[in-house]
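The numbering used here numbers the first residue of the sequence shown as 107 and each following residue consecutively. Down below is the structure, laid out as structure tokens.
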Amino acid sequence: MRKKYVIVITSLIIILILSMGLVGCIPSRPDKFVVRLLASEKWGIISINDKGVETSVIARNGNMRMDIGAKGSTCLVAGKNAIEMYRFENEVWTYEIIKKADQVELLRKEILNSNVIDSNVVDGLDLKYVRDDFETKYEKIDGKWYERNTMPASLYVKGSSLVYEKNNKIVKYIIDYKIDLPPEAKQAKKDYLNR
107 MRKKYVIVIT
117 SLIIILILSM
127 GLVGCIPSRP
137 DKFVVRLLAS
147 EKWGIISIND
157 KGVETSVIAR
167 NGNMRMDIGA
177 KGSTCLVAGK
187 NAIEMYRFEN
197 EVWTYEIIKK
207 ADQVELLRKE
217 ILNSNVIDSN
227 VVDGLDLKYV
237 RDDFETKYEK
247 IDGKWYERNT
257 MPASLYVKGS
267 SLVYEKNNKI
277 VKYIIDYKID
287 LPPEAKQAKK
297 DYLNR
């Protein structure tokens with residue numbers, strides 16, 4: 107009898123552990139993905155042109171915000187009383203620390219209050235539209251979801267990304283996007299602080 111209790115309790119513990127593991131899974135349906143993306147503090151939006159080249163990245167990771175475009179890159183890191191700014195222009199990384207209270211407050215709002223919807227790219231997806239009207243506006247064909255009134259536009263989830271394709275352009279929406287500063291940016295900070 108005691109052996110049966112041990113087996114039952116062990117089985118319940120295993121089921122509980124497996125259930126907890128499923129909580130962190132990425133949803134496979136675009137509307138469910140968007141709900142999770144909108145609630146995330148770590149996200150990235152990557153635009154890819156018709157030649158398969160990344161043209162821009164907009165990302166937020168907690169207290170960090172990164173914007174990468176054709177003209178260069180900017181990464182802002184919000185601290186309590188200062189903002190660290192890393193910039194990549196003309197093939198060189200620079201570092202600056204901003205301490206003026208009004209500038210810090212403005213930049214903190216830009217970093218910490220920005221969400222995926224505010225950062226949506228040109229030709230990107232209307233995330234609220236997908237979240238609110240998915241059932242009536244999209245249909246699944248060959249593993250992709252197509253908007254009924256614009257058949258060339260499609261959505262599908264691949265890994266931790268929601269992929270939006272329209273007119274040979276691709277926009278990827280990524281949950282838990284990690285912002286990595288390159289060693290050159292970190293070196294620019296060391297050089298700035300040691301001068």
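Idealized CB from N, CA, C, for every residue including glycine.
Item, Value
"Given Asn-273, which residues of its chain have a CB within under 7 angstroms of its CB, disregarding the five upstream and five downstream residues?", "Pro-258"
"Is the beta carbon of Val-277 closer than 8 angstroms to that of Gly-230?", "yes"
"From Phe-139 to Val-210, what distance separates their C-alpha atoms?", "33 angstroms"
"Keeping to the same chain, check which residues put their C-beta closer than 6 angstroms to that of Asp-173; ignore five residues upstream and five downstream.", "Ile-164 and Thr-180"
"So which of Gly-175, Arg-254, Lys-292 and Asn-169 has the shortest CA-CA distance to Ile-154?", "Gly-175"
"What's the C-alpha gap between Trp-251 and Tyr-279?", "15 angstroms"
"Near Tyr-283, what residues of its chain come up, given a Cβ to Cβ distance below 7 angstroms and the 5 sequence neighbours on each side ignored?", "Lys-148, Trp-149, Gly-150, Ala-165 and Asn-167"
"What do you get for Ser-134, buried or exposed, if any count of 16 or more other CB atoms within 10 angstroms of its CB means buried?", "exposed"
"Using three-state DSSP, classify Glu-197 as helix, strand or coil.", "coil"
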